[in-house]
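First the structure, in the form of structure tokens, and then the observations on it.
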């Protein structure tokens, strides 16, 4: 995208009917490190790449527990993500106080989307620069939603956002038909494989990723590092049979350089 | 409570400025509501009386109402406050429906909402002068609870308000069991309502029984109970209590 005379204010339409500030906000999501979500009938798994800036620092928190039945993984401006997580936590707590019952995820994401929309229609605000993968349970089972800075939200069987998410999406597109009936373990396995795709050949270690699970009878929680490392070892020992031969650049860490991620050619990114 | 109200000095400490709007005492009241769980759901019973003090003034007051798809409410106490509560609940159900998603508020949620409302009003010294019974079925789960005007709330297999607590609950403690059939439930409720009719001066002999199951709500048309006045205790009521009347 190039700069143009309609992109200064979020309240300015372009002649083609686009709001450039909103689209730029969605670019910010693409710059963040990858976050992946997948769901079965009874479970949702969220996974993200968590690389620290330097060896001296800790890594950024990208997965937040919102309530026992809902969690969120973010990509983009983490500060915006934190603020929205706090809003979501508040909404869940308030609902529980009044009704002694969990706020249905479907309603939470609508509230979140409406909150994001406000920022696309006020001259003194800017859109939130974060994409949220919301995974949670309600009466009708497990759900995964993606909330955009534009105020749109969609429900997904599986999705990936952030940098090099296209590689993960390609993997997920091949496997997603089996997810609905998948077991919890296989779902986590697929999340790890999808995560590995975004690393473009780098070795997947538990120190560089975070996995979280929520399911029927299982409150949302982040898996601890030992568990994750054990799962990674298990899957790697089992070989790479799950990775089909037509996958590009997924061999043992021998690739020297990172390949440039394929450029997203989208006419209007809001058509995601 | 009356002496505080008449004293202007203490008035402003307790209440807000619009003092003339607070509920101080009830005017038109309904008496007991009795509710039980049975095999397919919940049964509620209440008579159709609206008393004006000691006068049995209104005799066609519906004190049992459906709430949304999954709940039934029965109210005793001030009838106008019950009408207000029904307005709150209608708004609540409307908003719930406007989400237009697969979710809906069940009896547990409605009960808790009412608890919050009642307790909140009590804290402002402006109570809704009612004792409510809330029952329902959702996804096969039966729910039966009660809330009082001060916000006391609990769930049980059988609940009652007012005099029902003293006269009906003991009967239910002895005779209620899991998985009563509909007929057995009605017989049990009628037994309770009959005792209330004999002994509660605010009771009238015109009642409704409401049932809620997974399929929905049915409220019976009004009917009367058969009473038997030939008990020896009724023949000579003051026998054994000389000087009484």
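Residue numbers (the UniProt record's numbering), protein chains in the order written: chain A, 1 to 272; chain B, 1 to 245. Using N, Cα and C, we set each Cβ at its ideal position, and we do this for glycine too.
Query	Result
Which residue or residues does DSSP assign as beta-bridge partners of residue 132(A)?	74(A) and 147(A)
Go ahead and pull the three-state DSSP assignment for residue 80(B).	helix
Let me check understanding here. Comparing Cα to Cα, which of 82(B), 105(B), 96(B) and 177(B) lies closest to residue 71(B)?	105(B)
I want to verify the contact list: residues of chain B whose CB lies under 8 Å from the CB of residue 291(A), in sequence order.	The displayed coordinates of chain A run from 1 to 272. Any statement about residue 291(A) would go beyond what the structure contains.
So for residue 163(B), helix, strand or coil by DSSP?	helix
Shorter than 7 Å from the beta carbon of residue 109(B) to some beta carbon of chain A?	yes
By the three-class DSSP mapping on this structure, what secondary structure does residue 103(A) have?	coil
If you compare alpha carbons, which of 135(B), 76(B) and 151(B) is closest to residue 123(B)?	151(B)
Can you pull the chain A neighbours of residue 113(B), defined as C-beta to C-beta under 8 Å?	98 and 99
Bridge partners of residue 193(A), per DSSP?	The partner list for residue 193(A) (beta bridge, DSSP) is empty, contrary to what the question assumes.
Does the Cβ-Cβ distance between residue 77(A) and residue 37(A) come in under 7 Å?	no
Along chain B, in chain order, which residues have C-beta atoms closer than 7 Å to that of residue 138(A)?	103
Could you tell me whether the Cβ atoms of residue 50(A) and residue 208(A) are closer together than 7 Å?	yes
Against chain A, with Cβ distances strictly below 7 Å, would residue 87(B) count as a contact?	no
Look at the Cβ atom of residue 198(A), then the Cβ atom of residue 167(A), and state whether they are nearer than 7 Å.	yes
With DSSP run on the structure shown, which of helix, strand or coil describes residue 53(A)?	coil
In chain A, what lies closer than 8 Å to residue 309(B) by C-beta?	Outside the displayed range of chain B (1 to 245) lies residue 309(B), so it cannot be described from this structure.
Once you ignore the five residues that flank residue 178(A) on each side, which residues in its own chain have a CB closer than 7 Å to its CB?	none
Would you call residue 218(B) buried or exposed, if buried means 16 or more other Cβ atoms sit within 10 Å of its Cβ?	exposed
So that I know if they touch, is there some Cβ in chain B lying closer than 7 Å to that of residue 149(A)?	no
Let me know the secondary structure DSSP gives residue 216(B) once reduced to three states.	coil
Leaving out five residues before and five after residue 172(B) in sequence, what residues of the same chain have Cβ atoms less than 6 Å from its Cβ?	158
Would you say residue 104(A) faces chain D, with C-beta separation under 7 Å as the test?	Checking the listed chains, one finds no chain D in this structure; the protein chains it contains are A and B.
From residue 149(B) to residue 115(B), what does the alpha carbon distance come to, in whole angstroms?	9 Å
Could you tell me whether the Cβ atoms of residue 29(B) and residue 78(B) are closer together than 7 Å?	yes
Would you say residue 44(B) and residue 50(B) are within 7 Å of each other, going by their C-beta atoms?	no
Within the segment 18 to 55 of chain A, note down every full beta strand (DSSP E) run reaching 3 residues or more, in order along the chain.	35 to 39 and 43 to 49
Would you tell me roughly how many angstroms separate the C-alpha atoms of residue 102(A) and residue 138(A), rounded to the nearest one?	8 Å
With distances taken Cα to Cα, identify the nearest neighbour of residue 284(B) among 190(B), 47(B) and 167(B).	What the structure shows of chain B is the stretch from 1 to 245, and residue 284(B) is not part of that stretch, so it cannot be assessed.
Terminal residues of the continuous beta strand (DSSP E) containing residue 66(B)?	64 to 67
Does residue 176(A) come out as helix, strand or coil in the three-state DSSP assignment?	helix
Looking at the secondary structure, which residues open and close the beta strand (DSSP E) in which residue 209(A) lies?	209 to 215
How would you label residue 93(B), buried or exposed, when you count the other beta carbons within 10 angstroms and need 16 or more for buried?	buried
Does the segment 145 to 159 of chain A come close enough to the segment 173 to 187 of chain A to have 3 or more Cβ pairs within less than 8 Å?	yes
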